[in-house]
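There are 2 protein chains.
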Amino acid sequence: MSSHIQHSTNAPNLLKSHGLRVTEGRVEILSYFLNDNHALSHTYLEEKCKKSQDRVTIYRALYAFLEKGLIHKVLDEGGAAKYALCSTCSDTVHHHDHVHFKCDTCGQTYCLDTVQVPKLVLPQGYKIKETGILIQGVCDKCSK
Amino acid sequence: MSSHIQHSTNAPNLLKSHGLRVTEGRVEILSYFLNDNHALSHTYLEEKCKKSQDRVTIYRALYAFLEKGLIHKVLDEGGAAKYALCSTCSDTVHHHDHVHFKCDTCGQTYCLDTVQVPKLVLPQGYKIKETGILIQGVCDKCSK
DNA sequence: GTTTATGCAAATTCTTTGCAATACT
DNA sequence: AGTATTGCAAAGAATTTGCATAAAC
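Encoded structure:
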């Protein structure tokens, strides 16, 4: 309960520290990210912000967050877009070699920051810049 | 040159062996897959088939190919869909644990069938069903 | 006061669906 | 002949753009 308050209080500072203007709508959206530990879709945010802000505003907020490195895009196996906080990225360094996990049971997508992306050996001549891994299966909550 | 002819000749048989009717449009589309070693987008196919068949027909052909396990879907980092032949899948067994490689230079997406998908260790409780890997970088042709 | 964000409307793009005409087996 | 495929039109979903108003710095 105190963590909820703390997180919500963090939103304005996080926005400021990323060079973003602090508006009511952005604070609300960012709070949803801070209070959930999984990736959020535009549709989900639209539902949550129903009366408070426009669909288009949410698109633009997400775009601004992406640009400033506050969140990153996660795609599920069907190509549907979700967004998640860049918890392990600093303001300057961005690595998107995250392992993402999509639960077939609850449908949530998680960023498994603790899982190391393996070094893959590719055929001669191929140079790796980024590695994206999407695992599908059953998450810890749903496998109980 | 003979390989081109051979491949094109293969298309009708491949269709038949997958329980698909042999139509002019499907043979044309499948030939593009057989003659290229990278994933093809709907847009690319639309361009190639411009005068010969409708946009919608291509969607339906791809859908039929997917259903019969002739091709599989590949998504790039932006969520754009491409399709590639299931070269390592038999008629009955399908594994989609392919490693896909998207070249930042030429924009092509390749299926690296020879690259083994590593066994990843996830936190307690997570169960893996499928693992998708998309690597971005520079392909062998572009790195020369 | 200047710059940036918002809401609303409308335009784009991508994909799916219905149905009558056509092609395949 | 019987069944599946095609083309065209139109519907639907997701995302983007333009512009005047409002809010942030």
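Line order of the protein sequences matches chains A and B.
My numbering puts the first residue of the first sequence at 72, with every later residue one more than the last.
My numbering puts the first residue of the second sequence at 72, with every later residue one more than the last.
Positions of the beta carbon are idealized from the N, C-alpha and C atoms, including for glycine.
Rounded to whole angstroms, Glu148/A and His89/A show a C-alpha spacing of 30 Å. When DSSP assignments are scanned along the region 145-200 of chain A, the uninterrupted stretches of beta strand (DSSP E) that are 3 or more residues long and fall wholly within it turn out to be 152-156, 170-174, 180-183.
About 16 Å separates the beta carbon of Leu183/B from that of Tyr154/B, a gap too long to meet the 8 Å contact definition.
For His89/B, there is no enclosing alpha helix (DSSP H), since its DSSP letter is neither H nor E. Cys182/A is outside the set of residues whose beta carbon lies under 9 Å from a beta carbon in chain B. Assignment of alpha helix (DSSP H) within the region 90-139 of chain B, counting only whole runs of 4 or more residues, yields 95-106, 113-119, 126-138 in chain order. Taking a beta-carbon distance threshold of 9 Å, Ser214/A counts as an interface residue toward chain B. Closer than 9 Å to the CB of Asp125/B there is not a single CB belonging to chain A. Note that the C-beta distance between Val186/A and Pro194/B is below 9 Å. In terms of Cβ geometry, Thr180/A and His109/A form a close pair [threshold 9 Å].
Rounded to whole angstroms, the separation of the alpha carbons of Lys144/A and Asp175/B is 18 Å. Distance from the CA of Phe104/A to the CA of Phe136/B, rounded to the nearest whole angstrom, comes to 39 Å.
The contact set of Cys210/A on chain B, defined by CB atoms closer than 9 Å, consists of Gly196, Tyr197, Lys198 in chain order.
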